């Protein structure tokens with residue numbers, strides 16, 4: 001890190017390349033993700049590329065194809081794990097803190113077994129967040145707030161079913177629960193409205209091998225006594241049939257699991273279902289927007305994790321909102337830089353979600369996509385930056401200033417790709 005020529009790094013995106021998108025272990029080939037994310041910080045959030053630094057931690061790879069490739073440029077060695085792994089990551093974090101103590105650090109595409117432990121370990125030590133857990137949760141909550149309002153209700157009135165109970169899914173669920181509580185519902189009741197389904201079925205109390213972050217998201221077996229099922233393992237269809245959810249979210253990474261039977265069963269009890277197949281890339285989506293809209297006679301509100309073209313059904317065109325983290329993290333980065341925030345708090349993330357929902361064409365116009373068009377993303381990022389910076393000041397993790405001063409700081413830090421003016425100094 002001492003060899004980095006840039007002395008004024010303000011945003012770092014770091015990965016260890018183990019869980020790159022839906023592709024898995026890419027070793028040092030995962031470097032494309034930090035580079036791409038930082039490009040979005042610049043394009044969407046106006047952060048100068050001179051202030052950014054992508055990092056890939058080469059801790060080996062378990063991808064045998066890479067290990068056997070004589071042209072692989074990374075360390076051809078199985079991934080280090082446990083104490084050796086965490087000690088190396090800690091050495092890197094301490095070196096980052098020593099050189100750039102005020103930097104914003106974004107963890108990106110770490111494996112489930114490491115993502116949450118690293119976030120919990122460092123979120124109160126360095127200004128940091130995990131985009132896969134917190135960024136995905138923030139954009140999903142913002143989308144759900146907007147979709148719920150577009151359907152004429154509030155998020156706190158919904159029943160939500162997840163397919164996929166990994167760190168990303170559980171992170172989204174916790175943010176949803178926090179928003180429901182903000183809307184006036186007790187935490188106990190809020191947790192009873194969220195149902196997590198993974199490959200072993202509905203998460204319930206007493207299940208073996210639950211991960212620590214799953215424990216608070218189980219449903220009590222005693223609450224399921226009246227369910228119409230004879231199965232010991234409660235499938236997604238069992239859950240949809242008995243819960244009658246308003247919202248169905250897919251973060252499983254497995255294609256086609258939102259079947260026609262499941263979507264039609266949901267639509268039977270909910271005239272305006274909100275369906276969000278968030279897995280990416282498109283080859284891993286739980287159901288395509290075309291199918292979801294066909295199975296619900298065009299009445300579903302659909303948001304996806306991957307880009308899809310508009311769907312035409314019975315002569316009507318439906319714009320498909322892409323629930324992409326780029327709606328959130330560039331604004332968070334700009335807000336942190338402009339306010340000088342020392343931490344990224346849960347309340348700052350909630351402010352980002354609420355601000356995104358306020359920019360929904362569906363909410364503001366009564367029609368159109370759930371999320372703003374990408375051409376408006378810089379406007380959205382500026383608004384999120386202001387909301388995030390304001391909450392940071394209120395929580396004491398940034399120096400208190402006037403609203404006008406914060407807005408000016410956002411403008412001052414918003415970089416535009418313009419050529420400098422040159423003046424001839426000699427003939």
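Numbering (full-length UniProt numbering), first residue to last: 1 to 427. All residues carry an ideal CB built from backbone N, CA and C; glycine is no exception. Since the model is a prediction, treat every value here as computed from it, not as a measurement.
- Message: Run through the DSSP bridge pairs and tell me what residue 250 is partnered with.
- Response: Numbered from its first residue, the chain shown carries residue 250 at position 250. Answer by DSSP bridge pairing, in chain order: 163, 277.
- Query: Beta-carbon separation of residue 165 and residue 198 under 8 Å?
  - Reply: The sequence position of residue 165 within the chain shown is 165, counting from 1. The sequence position of residue 198 within the chain shown is 198, counting from 1. Cβ distance < 8 Å, so residue 165 and residue 198 count as in contact.
- Task: Mark residue 15 as exposed unless 16 or more other C-beta atoms lie within 10 angstroms of its C-beta, in which case mark it buried.
- Result: The sequence position of residue 15 within the chain shown is 15, counting from 1. The C-beta of residue 15 has 16 or more other C-beta atoms within 10 Å across all chains shown, which makes the residue buried.
- Query: Since residue 11 contacts residue 47 with CB under 8 Å, what's their CB separation in whole angstroms?
  - Reply: For the purposes of this step, residue 11 is taken as residue 11 along the chain shown, with counting starting at 1. For the purposes of this step, residue 47 is taken as residue 47 along the chain shown, with counting starting at 1. At roughly 6 Å, the Cβ-Cβ gap stays under 8 Å, so residue 11 and residue 47 are in contact.
- Would you check if the distance between the CB atom of residue 124 and the CB atom of residue 343 is smaller than 8 Å? Your numbering for residue 124 matches position 124 in the chain shown. Your numbering for residue 343 matches position 343 in the chain shown. Yes; because the gap between Cβ atoms is below 8 Å, this pair is in contact.
- Item | Among 340, 376, 5, the one whose alpha carbon lies nearest that of residue 413 | Walking along the chain shown from the start, residue 413 turns up at place 413. Nearest C-alpha to residue 413: 340.
- Task: Tell me, to the nearest whole angstrom, how far the beta carbon of residue 285 is from that of residue 294; I am working on the premise that it is less than 8 Å.
- Result: Residue mapping note: residue 285 aligns to position 285 of the chain shown, counting from 1. Residue mapping note: residue 294 aligns to position 294 of the chain shown, counting from 1. With a Cβ gap of about 15 Å, residue 285 and residue 294 do not count as contacting.
- Nearest residue (CA-CA) to residue 129, options 103, 145, 151: If you number the chain shown from 1, residue 129 lands on position 129. Of the listed residues, the one whose Cα sits closest to residue 129 is 103.
- Message: With distance defined between alpha-carbon atoms, name the residue in 260, 385, 315 nearest to residue 338.
- Response: As a working mapping, residue 338 is identified with position 338 in the chain shown. When only C-alpha atoms are compared, the closest one is 385.
- Item | contact_flag[the region 175–192, the region 288–304] where n(CB pairs < 8 Å) is 3 or more | With contact defined as three or more Cβ pairs closer than 8 Å, the region 175–192 and the region 288–304 are not in contact.
- Task: Count the CB pairs spanning the region 107–127 and the region 321–329 that are closer than 8 Å, and state whether there are at least three.
- Result: In short, these stretches do not touch, since the Cβ pair count stays below three.
- Query: Is residue 480 buried or exposed, if buried means 16 or more other CB atoms sit within 10 Å of its CB?
  - Reply: Shown here, the chain extends from 1 to 427; a query on residue 480 therefore has no answer.
- Assign residue 13 to one of three DSSP states: helix, strand, or coil. Position 13 of the chain shown, counted from the first residue, corresponds to residue 13. Note: residue 13 maps to strand in three-state DSSP.
- Is residue 372 buried or exposed, if buried means 16 or more other CB atoms sit within 10 Å of its CB? Along the chain shown, read from residue 1 onward, the residue named residue 372 stands at position 372. When all chains shown are included, residue 372 counts as buried.
- Item | Three-pair Cβ contact test at 8 Å for the region 153–160 versus the region 243–252 | When Cβ pairs closer than 8 Å are counted between the two stretches, the region 153–160 is seen to touch the region 243–252, the count reaching three or more.
- Query: Which residues in the same chain as residue 88 place their Cβ atom closer than 8 Å to its Cβ, once the five residues preceding and following it in sequence are excluded?
  - Reply: Here the question's residue 88 lines up with position 88 in the chain shown. Only 57, 59, 80 meet the Cβ criterion.
- Message: Just to confirm, is the Cβ distance from residue 171 to residue 196 under 8 Å?
- Response: Position 171 of the chain shown, counting from 1, holds the residue named residue 171. Position 196 of the chain shown, counting from 1, holds the residue named residue 196. Not a contact, by the Cβ cut-off of 8 Å.
- Message: Could you tell me the alpha carbon to alpha carbon distance between residue 83 and residue 90, rounded to whole angstroms?
- Response: Residue mapping note: residue 83 aligns to position 83 of the chain shown, counting from 1. Residue mapping note: residue 90 aligns to position 90 of the chain shown, counting from 1. The alpha-carbon atoms of residue 83 and residue 90 are separated by roughly 10 Å.
- With distances taken Cα to Cα, identify the nearest neighbour of residue 361 among 266, 332, 151. As a position in the chain shown, residue 361 is number 361, starting the count at 1. The option with the nearest alpha carbon to residue 361 is 151.
- Nearest residue (CA-CA) to residue 282, options 309, 260, 265: Position 282 of the chain shown holds residue 282. Nearest C-alpha to residue 282 among 309, 260, 265: 309.
- Looking at the structure shown, is residue 318 part of a helix, part of a strand, or coil, going by DSSP? To locate residue 318, count along the chain shown from 1; it is residue 318. Note: residue 318 maps to strand in three-state DSSP.
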